[in-house]
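Protein chains: 2
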Amino acid sequence: MALHEDQIQVTEVEKAMETASTSEKKTISTILIIIAMQTEALPVVNRFHLSEDPDDVFPKGVPWVRYHGIYKDLHINLIWPGKDSLLGVDNVGTVSASLVTYASVLALKPDLIINAGTAGGFKAKGACIGDAFLASDVAFHDRRIPIPVFDLYGIGARKVFCPSNMLKELNLKVGKLSTGDSLDMSPHDEASILANDTSIKDMEGAAVAYVADLLSVPAIFIKAVTDVVDGDKPTAEEFLQNLVTVTAALDHAIVQVVDFINGKCLSEL
Amino acid sequence: MALHEDQIQVTEVEKAMETASTSEKKTISTILIIIAMQTEALPVVNRFHLSEDPDDVFPKGVPWVRYHGIYKDLHINLIWPGKDSLLGVDNVGTVSASLVTYASVLALKPDLIINAGTAGGFKAKGACIGDAFLASDVAFHDRRIPIPVFDLYGIGARKVFCPSNMLKELNLKVGKLSTGDSLDMSPHDEASILANDTSIKDMEGAAVAYVADLLSVPAIFIKAVTDVVDGDKPTAEEFLQNLVTVTAALDHAIVQVVDFINGKCLSEL
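From first to last, the protein sequence lines stand for chains X and E. Under this note's numbering, the first residue of the first sequence is numbered 1, with each subsequent residue one higher. Under this note's numbering, the first residue of the second sequence is numbered 1, with each subsequent residue one higher.
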């Protein structure tokens with residue numbers, strides 16, 4: 001009985017490895033770009049000549065918007081979580097990010113997820129305004145559960161797919177990304193951010209990574225720095241001041257990344 | 001053209017009101033109970049003789065567990081988000097709660113959602129250990145976005161369906177629920193919790209309410225108090241000490257609520 005169970009497990013592991021290896025060798029065909037803010041999304045929509053999808057890949061009532069099109073050999077889907085129906089602001093943060101990632105992966109079956117957006121950067125880790133970073137790891141900094149093991153679950157640290165050839169070829173910085181639902185940084189958040197060895201701080205990344213892992217889709221994280229968190233200026237002010245100009249840097253980085261992906265399989269990235 | 005658009009809008013509002021009114025008069029048939037922790041869920045599973053669903057209503061790879069069965073005139077579905085595959089602890093918090101709410105509503109089309117669980121209570125608002133509360137309002141206390149309008153989006157305050165006849169008949173307290181992804185309470189969280197006029201503090205409610213609203217399903221929130229947040233004892237210690245005994249109070253409250261719902265339509269609750 002025990003032997004039989006072991007055999008089943010071995011076979012399943014072998015099958016999973018085979019599937020993983022097959023998908024790593026398949027040329028990437030469909031990519032899913034998730035961008036939380038309209039200001040960040042529209043330059044990318046225009047750059048790739050994507051059009052808004054009038055069909056309902058999402059259920060009635062949700063504000064999520066899908067833009068899609070063909071660029072070179074790639075089917076590009078860009079999902080923007082839309083605006084809050086009452087307040088009219090972008091649906092930023094981890095709840096919307098996890099929902100759109102889940103719904104989009106099920107509907108569109110992408111080979112690769114790209115979560116792109118602006119972020120705060122830490123000058124102590126070499127971040128400057130306008131830098132584009134690729135994340136090597138993600139974690140949360142505002143989920144404190146001081147019970148053994150639950151504490152680790154709350155932090156939710158995980159390595160993410162960090163394409164080594166892409167890093168070498170493109171002029172991107174690399175660092176750890178920490179995610180929380182606040183734009184500011186409280187002393188408690190700061191302690192967690194330092195413990196997470198963070199270079200960049202955003203409001204969606206770790207949630208996208210969590211769902212991508214659940215559904216076994218590789219995800220990369222491109223974040224352009226709008227504000228220096230450990231600098232002198234208040235984050236909200238600096239964020240708003242730099243949002244539009246830094247989205248140009250973000251757009252440029254996304255195009256570089258998509259051009260690099262085109263025609264390659266996962267193991268070549 | 002403007003007149004035509006107005007006419008369409010009026011027709012759509014009329015249609016929506018008609019649908020809402022029809023569903024309010026329909027006897028409740030399917031309920032969806034969402035409970036984040038196994039310790040909280042199992043007494044309810046046993047009480048209603050629910051069985052685990054071997055079929056896949058959820059996609060492959062997700063750890064979410066569905067228990068279901070018939071109780072009196074009701075189809076009961078209880079969804080527990082399961083355990084983290086690496087760490088083995090319950091998938092608590094807003095990301096998992098929003099995902100299971102979304103996936104369960106789409107798969108099971110419930111007439112009513114009940115989000116039940118343990119919570120911290122505020123003695124300043126009359127909460128004692130073991131009390132069962134019904135939420136009148138929900139909000140988040142750890143999503144600070146200090147930009148006009150985005151600040152309101154972060155707080156995400158909303159009135160929830162708070163059944164007045166149920167409140168009168170059953171011995172439940174009523175109060176505002178505030179949600180965050182930490183078990184502890186930082187000074188920043190505390191300021192938001194006070195601003196939210198909070199009686200009870202949990203880690204899922206406002207996320208469940210957000211998704212329920214997106215998908216237009218009424219949701220009620222039953223929370224039993226495991227720890228007094230504004231008391232003398234550390235939350236984590238008091239929470240663990242009282243978790244098992246307070247789940248008995250929670251179980252009792254859920255049975256009362258389900259018995260009250262049985263045979264009624266929404267407008268009678």
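For glycine and all other residues, C-beta sits at the position ideal for the given N, C-alpha and C.
field: X:G88 versus E:L134: straight-line alpha-carbon distance, rounded
entry: 30 Å
field: Endpoints, alpha helix (DSSP H) assigned at X:R47
entry: 38-47
task: Kindly list, in the order they appear in chain E, the residues whose Cβ is closer than 7 Å to that of X:R143.
output: G93, D181, S182
query: Do the CB positions of X:E204 and X:T94 come within less than 8 Å of each other?
result: Result yes, Cβ atoms of X:E204 and X:T94 sit closer than 8 Å.
query: Among the residues of its own chain, which have a CB less than 6 Å from the CB of X:A207, if the five just before and after it don't count?
result: Cβ within range, chain order: T94, A97, S98.
query: Does E:I147 have its Cβ less than 8 Å from a Cβ in chain X?
result: yes
- prompt: Roughly how many angstroms lie between the CA atoms of E:I193 and E:F161, to the nearest whole one?
  reply: 21 Å
message: On a Cα-Cα basis, can you pick out the residue from E:I261, E:T198, E:V44 that is closest to E:K125?
response: E:T198
field: Nearest-angstrom Cα separation, counted from E:D227 out to E:K123
entry: 10 Å
message: Helix, strand or coil, according to DSSP, for X:Q7 in the structure here?
response: Note that X:Q7 has pLDDT 47, beneath the 50 cutoff, so the model's placement of it is unreliable and no number is given.
- prompt: Who are the near neighbours of E:L37 in its chain, counting only those whose CB is closer than 6 Å to its CB and skipping five residues on each side?
  reply: This sequence places Met at residue 37 of chain E; Leu is not what is there. These residues qualify, in order along the chain: D90.
query: Where does E:S186 fall in DSSP's three states?
result: coil
query: Which of the three DSSP states, helix, strand or coil, is assigned to E:T198?
result: coil
task: Just the C-alpha distance for X:P234 and E:E268, rounded to the nearest angstrom, thanks.
output: 51 Å
- prompt: Can you round the beta-carbon distance between X:A116 and X:I222 to whole angstroms, since I take them to be within the 8 Å contact cut?
  reply: 4 Å
message: Using the three-state DSSP reduction, which class does E:V228 fall into: helix, strand or coil?
response: strand
field: Continuous beta strand (DSSP E) stretch holding E:L74: start and end
entry: E:L74 -> beta strand (DSSP E) spans 74-80.
- prompt: When the Cα atoms are used, what is the spatial distance from E:L26 to E:D73?
  reply: The identity of residue 26 of chain E in the sequence shown is Lys, whereas the question assumes Leu. Looking at the two C-alpha atoms, the distance is approximately 13 Å.
- prompt: Where does X:S164 land, buried or exposed, given buried means 16+ other C-beta within 10 angstroms?
  reply: exposed
task: Measure the CB-CB distance between E:F140 and E:G175 and report whether it falls below 8 Å.
output: no
message: I need the straight-line Cα distance from X:A127 to X:K201, nearest angstrom please.
response: C-alpha separation (whole angstroms): 11 Å.
field: Neighbourhood of X:K264 by C-beta distance below 8 Å, restricted to the same chain and skipping five residues each side
entry: Contacts found: T27, I28.
message: Counting only C-beta atoms, is E:A36 closer than 8 Å to chain X at any point?
response: no
- prompt: In the structure shown, what three-state DSSP assignment does X:S96 receive?
  reply: helix
message: Against chain E, with Cβ distances strictly below 8 Å, would X:F312 count as a contact?
response: This structure cannot speak to residue 312 of chain X, because chain X is shown only from 1 to 269.
message: Only counting the same chain, and skipping five residues up and downstream in sequence, which positions put a Cβ closer than 7 Å to that of E:G80?
response: The sequence given here has Trp at residue 80 of chain E, not Gly. Once the five neighbours on either side are set aside, the close Cβ partners of E:W80 are I35, Q38, A41, V65.
- request: Mind checking which residues open and close the beta strand (DSSP E) that includes X:D137?
  value: Its beta strand (DSSP E) spans residues 132-140.
field: Per-residue DSSP class, three states only, for E:G126
entry: coil
- prompt: Going along the stretch 41-68 of chain X in order, which residues come within less than 7 Å of chain E, judged by CB to CB distance?
  reply: P59, G61, V62
task: Could you confirm whether any beta carbon from chain E is found closer than 8 Å to the beta carbon of X:L243?
output: no
message: According to DSSP, simplified to helix, strand and coil, what is E:E52?
response: strand
- prompt: According to a CB-to-CB cut-off of less than 8 Å, which residues of the stretch 152-164 of chain E neighbour chain X?
  reply: L152, Y153, G154
- prompt: With respect to the beta strand (DSSP E) encompassing E:V65, which residues constitute its N-terminal and C-terminal limits?
  reply: 65-71
- prompt: Could you check where the beta strand (DSSP E) with X:N171 kicks off and where it finishes?
  reply: Looking at the DSSP string, X:N171 is not in any beta strand (DSSP E), and its letter there is neither H nor E.
- prompt: Who are the neighbours of X:L87 on chain E, taking C-beta pairs under 7 Å?
  reply: V149, L152, Y153
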